[in-house]
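Numbering (my numbering), first residue to last: 464 to 971.
Following this line, the structure appears as structure tokens:
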């Protein structure tokens, strides 16, 4: 097996932060509503000053009929498949358009990114003591992936997955969990009459963005025999499930414990153990080639739960972010980010998640309303506050904030080094799959692509084209494109500056 038996033993404490949330829910909900009312007042004033009374009436009648609190931040797992246009299907519109004429919004010039206070380990442990009681400080040296042994106290009559929340809420996983259940006891290591279970976290994360080709990358990578993802593509555990956010239009449910997330990597752990079965001496020093991964496209940007679990009620910016916890346990983790022109991303997002009455005209109306709201927010709050404000983001008719790539990446770079990220453009990935996957293989130290791997990974048919019915809707209106190009330009410019690559300005 992996070198030695490093154990994480003990009964984990109850998650006090979760109980604090339910005890303080009324107070925090009231605070969130007051913030929403303040933003609404600014939007009302904005509409009134512009004389757009009909739009104001429409805003008032629709914005607060949305489900509270998580109605708009949907992801691929809330729908069957990502509709990102890669390869075949609708073609990517790469034309550049000049600034908007007619309706316009303020030109904010250069985007200024500010530093944030980085929470200490003791701060994080106070928020999430259970995580620190389960995940060890060091992982097994003979495993490439972050793995450790954990004492297993169950017996043969126990079902180790009986209460796994992922299995209970996702019927499509029942067969997978049944297969893992049948093999469970054969995976356990035995020493001194005690059983030990190999637990693993992801070695790398595909963290974003939605509608940027993450599914295509995931489908190609999992063809490699040395790459093993979680049994579900997007667990959304770090961003949602651990807080009890199961379906975004429903109230909070019981939080998914860390153990349920770790269960998703049991098949990967089996592969690691299979490699080490020939090591009669556990300290032989052989390192397995298995890389564990997961691909939740919400990880880069979604910190929606902060105001309900980590809020001091006086702050307008999150005191702690998802990446702070990941860094505390995996300071050497690797991250892959796929981006695309945020203008195109937003339209694809709209076509995928809108249920009825989709049209270029409806998209234009929703974009105008969202831009008005965002500008009003910036008049009262900081950029980071507007990007992470849960109540405000959920009131936006379209998910405008997800395209603020540099805002989120900047905060990730406050705890991780840039060389721990591989950032790809969907446009480049679609144009040259061989080059794109070569970059991925080198980044993950998987070695060069062999001829057989190239045949399976590179020449695989592209995953997920836009649905035919959405293709029939045609492109967005020219005036919509102009507005969005104008809005995103300073953020793209700052992203290009941070990455030292003008391609991220999406000007051609």
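Where is the CB? At the ideal position from N, CA and C, for every residue including glycine.
Where residue 800 is concerned, the enclosing beta strand (DSSP E) starts and stops at 797-802. 724 is the residue among 900, 717, 724 whose C-alpha sits nearest the C-alpha of residue 594. Contact between residue 801 and residue 889 is confirmed by a C-beta separation of about 6 Å, below the 8 Å threshold.
Sorting 861, 769, 617 by C-alpha distance to the C-alpha of residue 852 places 769 at the top. DSSP, reduced to helix, strand and coil, places residue 611 within a strand of the structure shown. Counting along the chain, the unbroken alpha helix (DSSP H) around residue 739 starts and ends at 729-739. When DSSP states are grouped into helix, strand and coil, residue 780 belongs to the coil group. Cβ-Cβ separation between residue 701 and residue 788: approximately 7 Å, consistent with a contact (criterion under 8 Å). Just so you know, the alpha carbons of residue 830 and residue 722 end up roughly 41 Å apart.
A distance below 6 Å between beta-carbons, with the five flanking residues on each side excluded, links residue 576 to the following residues of its chain, in chain order: 873. Pairwise C-beta distances place the segment 749-762 in contact with the segment 595-614, as three or more of them are shorter than 8 Å.
Here residue 760 really is in contact with residue 672; their C-beta atoms are around 6 Å apart, less than 8 Å.
Of the candidates 910, 826, 708, the residue whose Cα lies closest to the Cα of residue 936 is 826. C-alpha of residue 764 to C-alpha of residue 692: approximately 21 Å in a straight line. Taking 3 residues as the minimum length, the beta strand (DSSP E) runs contained wholly in the segment 858-915 are 884-888, in order along the chain. For residue 757, no alpha helix (DSSP H) segment is defined; the enclosing uninterrupted segment is the beta strand (DSSP E) at 754-757. Note on residue 740: under 16 other CB atoms within 10 angstroms of its CB, so exposed under the neighbour-count rule.
If only uninterrupted alpha helix (DSSP H) runs of at least 4 residues are considered, those enclosed by the segment 581-655 are 584-590, 592-597, 628-632, 637-650. The C-beta of residue 820 has fewer than 16 other C-beta atoms within 10 Å across all chains shown, which makes the residue exposed. When DSSP states are grouped into helix, strand and coil, residue 663 belongs to the strand group. Contact between residue 878 and residue 786 holds: their C-beta atoms lie close to 5 Å from each other, under 8 Å. Pairwise C-beta distances place the segment 899-918 in contact with the segment 674-693, as three or more of them are shorter than 8 Å. DSSP places residue 818 outside both helix and strand once states are collapsed to three, so it counts as coil.
Here the C-alpha atom of residue 590 lies approximately 11 Å from the C-alpha atom of residue 782. Listed in chain order, the non-local C-beta contacts of residue 966 below 7 Å within the same chain comprise 888, local neighbours out to five positions each way being set aside.
Spatial neighbours of residue 635 in its own chain (CB-CB distance under 7 Å, excluding positions within 5 residues in sequence) are not present. Here residue 585 is exposed. Its C-beta has fewer than 16 other C-beta atoms within 10 Å.
Nearest to residue 945 by C-alpha distance, out of 916, 807, 854, 925, is 807.
Here residue 954 has 574, 805, 866, 867, 868, 869, 870 as same chain residues with Cβ atoms under 8 Å from its own Cβ, once five neighbours each way along the sequence are excluded.
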